[in-house]
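S.K.: My questions all concern the structure below.
Protein chains: 2
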Amino acid sequence: MDIYSGHINKLIEELSRLPGVGAKSAQRLAFHIINMPRIEVEGIANAMLDAKDNVRYCKECFTLTDEEICPICRDQKRNHKVIMVVEQTRDMAAYEKTGKYDGVYHVLHGAISPMLGIGPGDIKLKELMIRLQGDVDEVIIATNSNLEGETTAMYISKMIKQAGIKVTRIASGVPVGGDLEYIDEVTLLRALDGRTEL
Amino acid sequence: MDIYSGHINKLIEELSRLPGVGAKSAQRLAFHIINMPRIEVEGIANAMLDAKDNVRYCKECFTLTDEEICPICRDQKRNHKVIMVVEQTRDMAAYEKTGKYDGVYHVLHGAISPMLGIGPGDIKLKELMIRLQGDVDEVIIATNSNLEGETTAMYISKMIKQAGIKVTRIASGVPVGGDLEYIDEVTLLRALDGRTEL
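Right under this line is the structure:
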């Protein structure tokens, strides 16, 4: 990449570190940034540093937040006896968008993956067990429906059942609006296994 | 997007301004940035501002560069009598990667597009005409092979022919390694029209 000048090369190199940004798109982004008004470039640069400096884990549920305790954990109108366990803050955001869940969350920040060398100690599981010593009625496991998510769900359910707390798992099956002919076989079988009476 | 805290929202909003970054990928980038070491976030933020502050147009060919005159225009071993006209600095970079072109360039920073309201005065055409008052043997037009690129090529060739300078256009046809059956009809006809004797 010695075709471009030093500052352009440096910017392309830095942008390529971001996930999903390859050499070509880093190049496109770099030229866009150079052509933006300086005030807008400052806006992006400052937003990055501000977020990095000010965002931390909520002391209760470990979501990413600006304050010590996140707005959901502070909300006394929510049911603090029901905890939904998710892998990432964005998964929590996905359920919040539905507007129908009134319990609280616990963000693991990852999933158990022997392949990637991520064990139970590498995600916020210990922190979950500590929370369960309080007054909890139900733990809803909403990890992803892939190998890592299922492994994590299994591990957590075993751990929690010993503590005598009700554990549930969100349903897996055909997405609403999905055409059966385009759904993979594993999902079809999962939907069959999980069928409910009408 | 009130699901996230202020700093996260602000970062997602700023990142969505970038081309090709939608709401979902801005979210993914934001969480990645928050989880990066601060020194790396600083690296990206500074590279943006440094590039914005230090990169300017080359006074000769108008490519983006750190110096007053870019390395290609300064290079006395190159043939300054042959000028390749391209739309963007990255197009110039694409030809430089071939390593086979030894002339110089002229970067228009755009193409004529009546649809987008971009006229001849909005790209570096006047600057090209001024360069042509010097000692120039040939102008190779290497604008893109789309409507805007072709319009621009036509406009430039008319302008330059009046000045009595040789004008050529890079060939348009089937890409090397391309299967005829997957090539669109316009390209196939273009390739036929542009056939050369063996």
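Quick note, the sequences are listed as chains A and B, same order. When you line the first sequence up against our numbering, it's residues 1 to 198, in that order. When you line the second sequence up against our numbering, it's residues 1 to 198, in that order. Quick reminder that beta carbons are idealized off the backbone N, C-alpha and C, glycines included. A quick note: this is a predicted structure, and the numbers were derived from the prediction, not measured.
DSSP state of residue 57 of chain A, grouped into three classes?
M.R.: strand
S.K.: Using the Cβ count rule (16 or more neighbours within 10 Å means buried), how would you classify residue 22 of chain B?
M.R.: exposed
S.K.: So, does the CB of residue 178 of chain A fall closer than 7 Å to a CB anywhere in chain B?
M.R.: no
S.K.: In chain E, which residues lie with their C-beta within 8 Å of the C-beta of residue 55 of chain B?
M.R.: Any reference to chain E falls outside this structure, whose protein chains are A and B.
S.K.: Taking residue 139 of chain B as the reference, give the member of B/127, B/157 and B/123 with the closest Cα.
M.R.: Scanning B/127, B/157 and B/123 for the CA closest to the CA of residue 139 of chain B turns up B/157.
S.K.: If I'm right that residue 86 of chain A touches residue 116 of chain A with Cβ under 8 Å, what's the distance once you round it to whole angstroms?
M.R.: About 18 Å separates the beta carbon of residue 86 of chain A from that of residue 116 of chain A, a gap too long to meet the 8 Å contact definition.
S.K.: Since residue 170 of chain B is in the alpha helix (DSSP H), which residue starts that stretch and which ends it?
M.R.: Residue 170 of chain B -> no alpha helix (DSSP H), and no H or E assigned at all.
S.K.: In the DSSP assignment, find the beta strand (DSSP E) that holds residue 83 of chain A and state where it starts and stops.
M.R.: 79 to 86
S.K.: In three-state DSSP terms, what is residue 125 of chain A?
M.R.: helix
S.K.: For residue 14 of chain A, would you say it is in contact with chain B, using Cβ-to-Cβ distances shorter than 7 Å as the test?
M.R.: yes
S.K.: Count the other CB atoms, across all protein chains shown, that sit within 10 Å of the CB of residue 27 of chain B; report buried if there are 16 or more and exposed otherwise.
M.R.: buried
S.K.: Excluding the five sequence neighbours on either side, which residues of its own chain have a C-beta within less than 7 Å of the C-beta of residue 58 of chain A, listed in chain order?
M.R.: 65, 69, 70 and 73
S.K.: Under 7 Å, do residue 170 of chain B and residue 153 of chain B count as touching if we go by C-beta distance?
M.R.: The answer is no: Cβ separation not under 7 Å.
S.K.: Confirm, please, whether the CB-CB distance from residue 24 of chain A to residue 47 of chain B is below 7 Å.
M.R.: Cβ atoms of residue 47 of chain B and residue 24 of chain A: not closer than 7 Å.
S.K.: Following the continuous alpha helix (DSSP H) through residue 199 of chain B, name the residue where it begins and the one where it ends.
M.R.: Residue 199 of chain B lies beyond the residue range present for chain B, which begins at 1 and ends at 198; the question has no answer from this structure.
S.K.: Leaving aside the five residues before and after residue 136 of chain B along the sequence, list all residues of the same chain whose C-beta is less than 7 Å from its C-beta, in chain order.
M.R.: 81, 83 and 165
S.K.: In the DSSP assignment, what residue or residues form a beta bridge with residue 103 of chain B?
M.R.: B/79
S.K.: From which residue to which residue does the alpha helix (DSSP H) around residue 148 of chain B run?
M.R.: 147 to 162
S.K.: Do residue 172 of chain B and residue 195 of chain B have their C-beta atoms closer together than 7 Å?
M.R.: no
S.K.: When DSSP labels each residue in this structure, what does residue 16 of chain A get in the three-state scheme?
M.R.: helix
S.K.: Quick check: is the beta carbon of residue 65 of chain A nearer than 7 Å to any beta carbon in chain B?
M.R.: yes
S.K.: If you reduce the DSSP assignment to three classes, tell me which class residue 186 of chain A lands in.
M.R.: helix
S.K.: Name, in chain order, the residues that DSSP records as bridge partners for residue 5 of chain A.
M.R.: Answer is none; residue 5 of chain A lacks a bridge partner.
S.K.: Does the beta carbon of residue 43 of chain A sit closer than 7 Å to a beta carbon anywhere in chain B?
M.R.: yes
S.K.: Between residue 52 of chain A and chain B, is any beta-carbon pair separated by less than 7 Å?
M.R.: yes
S.K.: Where residue 262 of chain B and residue 38 of chain B are concerned, what is the direct C-alpha to C-alpha distance, given to the nearest angstrom?
M.R.: Residue 262 of chain B lies beyond the range of chain B shown here (1 to 198); nothing can be said about it.
S.K.: From this set, A/161, A/119 and A/133, which residue's C-alpha is nearest residue 149 of chain A's C-alpha?
M.R.: A/119
S.K.: For residue 62 of chain A, return the contacting residues in chain B, with the cut-off set at a CB-CB distance below 8 Å.
M.R.: By Cβ distance, chain B contributes nothing, its closest Cβ being about 13 Å from residue 62 of chain A, past 8 Å.
S.K.: Relative to the alpha-carbon of residue 159 of chain A, which residue among A/132, A/144 and A/174 has its alpha-carbon at the smallest distance?
M.R.: A/132
S.K.: Going straight from the alpha carbon of residue 89 of chain B to that of residue 168 of chain A, what length do you get?
M.R.: 56 Å
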